[in-house]
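**Student:**
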Amino acid sequence: AQSVTQLDSHVSVSEGTPVLLRCNYSSSYSPSLFWYVQHPNKGLQLLLKYTSAATLVKGINGFEAEFKKSETSFHLTKPSAHMSDAAEYFCVVSQGGYNKLIFGAGTRLAVHP
Amino acid sequence: DARVTQTPRHKVTEMGQEVTMRCQPILGHNTVFWYRQTMMQGLELLAYFRNRAPLDDSGMPKDRFSAEMPDATLATLKIQPSEPRDSAVYFCASGEFLAEAFFGQGTRLTVV
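Each protein sequence line maps, in turn, to chains X and W. Position 95, counted from 1, in the first sequence is what the numbering used here calls 344; the numbers after and before it change by one each time, with no gaps. Position 108, counted from 1, in the second sequence is what the numbering used here calls 720; the numbers after and before it change by one each time, with no gaps.
#1: If we ignore side chains and look at the alpha-carbon of each, how far apart do leucine 655 of chain W and alanine 335 of chain X end up?
#2: Which two residues bound the contiguous beta strand (DSSP E) that contains alanine 711 of chain W?
#3: When we look at the beta-carbon of glutamate 626 of chain W and count the other beta-carbons within 10 Å, is it buried (16 or more) or exposed?
#4: Looking at C-beta atoms only, is the number of pairs between the segment 624-642 of chain W and the segment 679-698 of chain W that lie closer than 8 Å three or more?
#5: Report the neighbours of glycine 355 of chain X on chain W: residues whose CB is nearer than 8 Å to its CB, in chain order.
#6: Could you give the first and the last residue of the continuous beta strand (DSSP E) run that contains valine 631 of chain W?
#7: Which partner residues does glutamate 313 of chain X have in the DSSP bridge list?
#8: Relative to the C-alpha of leucine 350 of chain X, which candidate in X:Ala359, X:Thr326, X:Thr356 and X:Phe339 has its C-alpha closest?
#9: Over what stretch of residues does the beta strand (DSSP E) that includes glycine 654 of chain W continue unbroken?
#10: Quick one: measure Cβ to Cβ for valine 342 of chain X and serine 276 of chain X, integer angstroms, because I've assumed they're closer than 8 Å.
#11: For glycine 311 of chain X, would you say it is in contact with chain W, using Cβ-to-Cβ distances shorter than 8 Å as the test?
#12: DSSP state of methionine 681 of chain W, grouped into three classes?
#13: Please indicate yes or no: does the CB of valine 701 of chain W lie closer than 7 Å to some heavy atom of the ligand SAM?
#14: Excluding the 5 residues preceding and the 5 following phenylalanine 677 of chain W in the sequence, name in chain order all residues of the same chain whose CB lies nearer than 6 Å to its CB.
#15: Whole angstroms is fine: what's the gap from lysine 623 of chain W's alpha carbon to arginine 357 of chain X's?
#16: Please tell me whether tyrosine 660 of chain W has its Cβ less than 8 Å away from any Cβ of chain X.
#17: With a cut-off of 8 Å, does the C-beta of glycine 671 of chain W fall near any C-beta of chain X?
#18: So is isoleucine 325 of chain X buried or exposed if we call it buried at 16+ other beta carbons inside 10 Å?
#19: Can you find a CB in chain X that lies within less than 8 Å of the CB of alanine 713 of chain W?
#20: Return helix, strand or coil for arginine 271 of chain X, following the three-state DSSP convention.
#21: Taking 8 Å as the CB-CB limit, is phenylalanine 316 of chain X close to chain W?
#22: Could you check the C-alpha separation between threonine 254 of chain X and arginine 615 of chain W for me, to the nearest Å?
#23: Nearest by alpha-carbon distance to serine 301 of chain X: which of X:Val286, X:Ser263 and X:Ala314 is it?
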């Protein structure tokens with residue numbers, strides 16, 4: 250069965266410094282992986298997705314993630330944090346042919362001036 | 613700009629009342645999800661449909677919750693009777709097979 254583990258429940262960075270949000274997955278199949286972002290009192294917005302094409306995936310707002318099969322990881326990065334990046338981020342795996350989306354517990358990103 | 617539309621956005625009801633939440637998926641999407649989000653449990657998958665047929669509703673309390681898709685443009689989630697522990701934000705999402713899901717803005721339910 251598929252599962253997702255987000256290794257940090259909270260991450261705090263200063264504006265202008267790099268962001269790293271860590272995600273490990275477990276999957277019996279070649280997974281599809283996603284990162285979603287949720288700003289306070291808002292719905293979830295897709296940041297980026299991996300679907301077995303290029304292992305380095307670029308998303309919106311300067312975010313990118315690298316799929317590493319040997320490490321079963323799909324970490325999210327951004328070179329320089331902006332105040333508007335403060336939100337909750339979810340790593341998601343799609344379960345095989347059923348397209349059932351399994352969410353991680355979320356990482357809350359705080360960005361300080 | 614295609615989007616998933618959920619109504620109502622907010623609902624306050626008394627314990628024991630029936631609650632119906634509605635979702636209009638993006639036209640052409642064949643997969644619809646219902647998720648519940650709480651502080652304690654995070655995002656839980658309640659049910660999902662493919663081509664209007666329920667594929668998995670194992671995350672849903674069967675005695676009080678029901679989910680249906682009367683047609684391709686409408687998905688409903690009902691709670692009867694509602695309880696305070698049902699207070700949460702309920703999200704609907706739609707997508708195409710093996711692709712990403714697009715989420716609505718959610719229905720914030722408060723049961724008093």
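Idealized CB from N, CA, C, for every residue including glycine.
**Tutor:** Taking the geometry as given:
#1: Here the C-alpha atom of leucine 655 of chain W lies approximately 19 Å from the C-alpha atom of alanine 335 of chain X.
#2: Annotation for alanine 711 of chain W: no beta strand (DSSP E) segment contains it, and DSSP assigns it neither H nor E.
#3: That one is exposed.
#4: In short, these stretches touch, since the Cβ pair count reaches three.
#5: Going along chain W in sequence order, the residues near glycine 355 of chain X (Cβ under 8 Å) are Gly654 and Leu655.
#6: 631-636
#7: X:Lys307 and X:Thr326
#8: X:Phe339
#9: 654-662
#10: About 6 Å; that satisfies the 8 Å criterion.
#11: no
#12: Correct three-state label for methionine 681 of chain W: strand.
#13: With respect to the ligand SAM, the structure shown offers nothing to examine, as it has no ligands at all.
#14: Ile691
#15: 27 Å
#16: yes
#17: False, the Cβ-Cβ gap to chain X never drops below 8 Å.
#18: Per the sequence shown, the amino acid found at residue 325 of chain X is leucine instead of isoleucine. Leucine 325 of chain X should be labelled buried.
#19: yes
#20: coil
#21: It does not: the Cβ of phenylalanine 316 of chain X has no partner Cβ on chain W nearer than 8 Å.
#22: Arginine 615 of chain W has its alpha-carbon roughly 29 Å from the corresponding atom of threonine 254 of chain X.
#23: X:Ala314
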